[in-house]
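Q: Chains as they are written, first to last, in the numbering used here: chain A, 1 to 157; chain B, 1001 to 1168.
For reference, the structure I am asking about is given below.
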Amino acid sequence: MVEKEYLKKIGFLKDLPDRILEKIGAISQLETFDEDSLLFRQNQEKALLYMLVSGKVFLNSRSGSGKSLTLDEVTPGRTFGVSALLGGHTSTFTAVCAETSTMITVSGEQMRRLFLENFETGHAVMLKVVELFKSRMEMHTSQFLQSLANHPEIRES
Amino acid sequence: MIKIEDLKRINLLRDVPDHLLEILAKEAQLNIYGTDTQLMTIHEKVDTFFMLIMGQVAVKKDLTPKIDAIFDYIQSGSSFGISAFMEGFTASYTAVCQEPCEAITLSGKRIRELFKENHELAYYMLHGAARQYKKNMDIRARMIMKTLDENPELKKDIHDIGNLTPVI
């Protein structure tokens, strides 16, 4: 169990009402992982949602030819493994602790069960997920189009 | 009013139970649009959610003042206008019928009212929307990774590589 005061430090959850945070806190754990701990691997089904309280986590992706690329460095207050909330999705990256890290973890399966038992919680959390995914898709599209617009052939036309 | 069998053809509503589909069926309308009909306009408020039954819709944005870029085609069974689920959101692209289209539509205002009244309906529809976004994000992340694998020199031009991961 994790107290709601901890959950309020997490950007993804901080605006949710206390009654919802208490429900999420009741099925969450606070865990500490050593440096280099492997949290999950690319192409594995995601089982847990991770909310970083302290430390740092690297998210790496390995390409078809085996090259590894660091996609992101997760800092305290941020959440990853969000697709565990949807079920049936494999991870597009590997998560490794860059230093000793403390995080709140919650099982995706338990969260999905909570959503079905309490649709108000499901509604509130899923709305946040949709807003996040929508803004990510838009940022990517904009950047992709910006790159295209800067292409010499397009600029000359 | 439309039949729930028609709603069952929509991917986003795949997991929505029948008793909720019946609520949506009472509110939904079936519309037919001609070729070149503009269903959504970039930067304008989105107040309709579209579920495509037949036809094809092009999703486009201005690349330069002279050039439009079509970056996706929406086919039957797919939906768009998810921004209508949220108050005050504007369209991030323009959607135009490429051929005569048949679409089930729901008013954004009515969807938001229904979400307030019925959290179960809100949960299932938003879960479907999140799943649709995630699928598209994964496809895009894999495409970008493949491109970077073949052209590593492009990495310096990607300023938001962290956004390939759904980290909040």
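A virtual CB, placed ideally from N, CA and C, is assigned to each residue, including glycine.
In chain order, what residues of the same chain lie with their CB nearer than 7 Å to the CB of B/Ser1078, ignoring the 5 residues before and after it?
A: The residues are Asn1011 and Leu1052.
Q: Can the beta-carbon of A/Leu48 be found closer than 7 Å to that of A/Ala95?
A: Going by C-beta atoms, A/Leu48 is not nearer than 7 Å to A/Ala95.
Q: Under a Cβ-count criterion, where at least 16 other Cβ atoms within 10 Å of its own Cβ denotes burial, should A/His123 be classed as buried or exposed?
A: Classification of A/His123: buried, given that the 10 Å Cβ count is 16 or more.
Q: Kindly say whether B/Glu1120, judged by its beta-carbon, lies nearer than 7 Å to any beta-carbon of chain A.
A: True, the Cβ-Cβ gap to chain A drops below 7 Å.
Q: Under 7 Å Cβ-Cβ, which residues of chain B neighbour A/Lys67?
A: Ordered by position in chain B, the residues that pass the 7 Å Cβ test against A/Lys67 are Asp1149.
Q: Determine, for A/Thr75, whether the minimum Cβ-Cβ distance to residues of chain B falls below 7 Å.
A: No - not a single Cβ of chain B is within 7 Å of the one on A/Thr75.
Q: If you check the beta carbons only, do A/Phe93 and A/Gln42 fall under 7 Å apart?
A: For A/Phe93 and A/Gln42, yes; Cβs fall inside 7 Å.
Q: Should B/Met1040 be flagged as near chain A, meaning a C-beta pair shorter than 7 Å?
A: Cβ-Cβ to chain A under 7 Å: no for B/Met1040.
Q: I'd like to know if the region 5-23 of chain A and the region 116-131 of chain A are in contact, where contact means that at least 3 CB-CB pairs between them fall below 8 Å.
A: Yes, since at least three Cβ pairs between the region 5-23 of chain A and the region 116-131 of chain A fall closer than 8 Å, the two stretches touch.
Q: If I'm right that A/Phe133 touches B/Lys1134 with Cβ under 8 Å, what's the distance once you round it to whole angstroms?
A: That belief holds up - the Cβ atoms of A/Phe133 and B/Lys1134 are roughly 6 Å apart, short of 8 Å.
Q: Taking the C-alpha atoms as reference points, what is the distance between B/Gln1075 and B/Glu1099?
A: Rounded to the nearest angstrom, the two C-alpha atoms are 11 Å apart.
Q: Determine the chain B residues that contact A/Ala47 at a beta-carbon separation under 7 Å, and present them in chain order.
A: Chain B residues near A/Ala47: none, gap ~16 Å exceeds 7 Å.
Q: By DSSP, does A/Glu14 sit in helix, in strand, or in coil?
A: Contrary to the premise, residue 14 of chain A reads as Lys rather than Glu in this sequence. A/Lys14 falls in the coil class under three-state DSSP.
Q: Could you spell out where the alpha helix (DSSP H) holding B/Met1137 opens and where it closes?
A: Here the alpha helix (DSSP H) through B/Met1137 covers His1119 to Glu1150.
Q: Looking at C-alpha atoms only, which residue of B/Glu1113, B/Asp1068 and B/Gly1128 is the closest neighbour of B/Met1086?
A: That would be B/Glu1113, whose Cα lies nearest to the Cα of B/Met1086.
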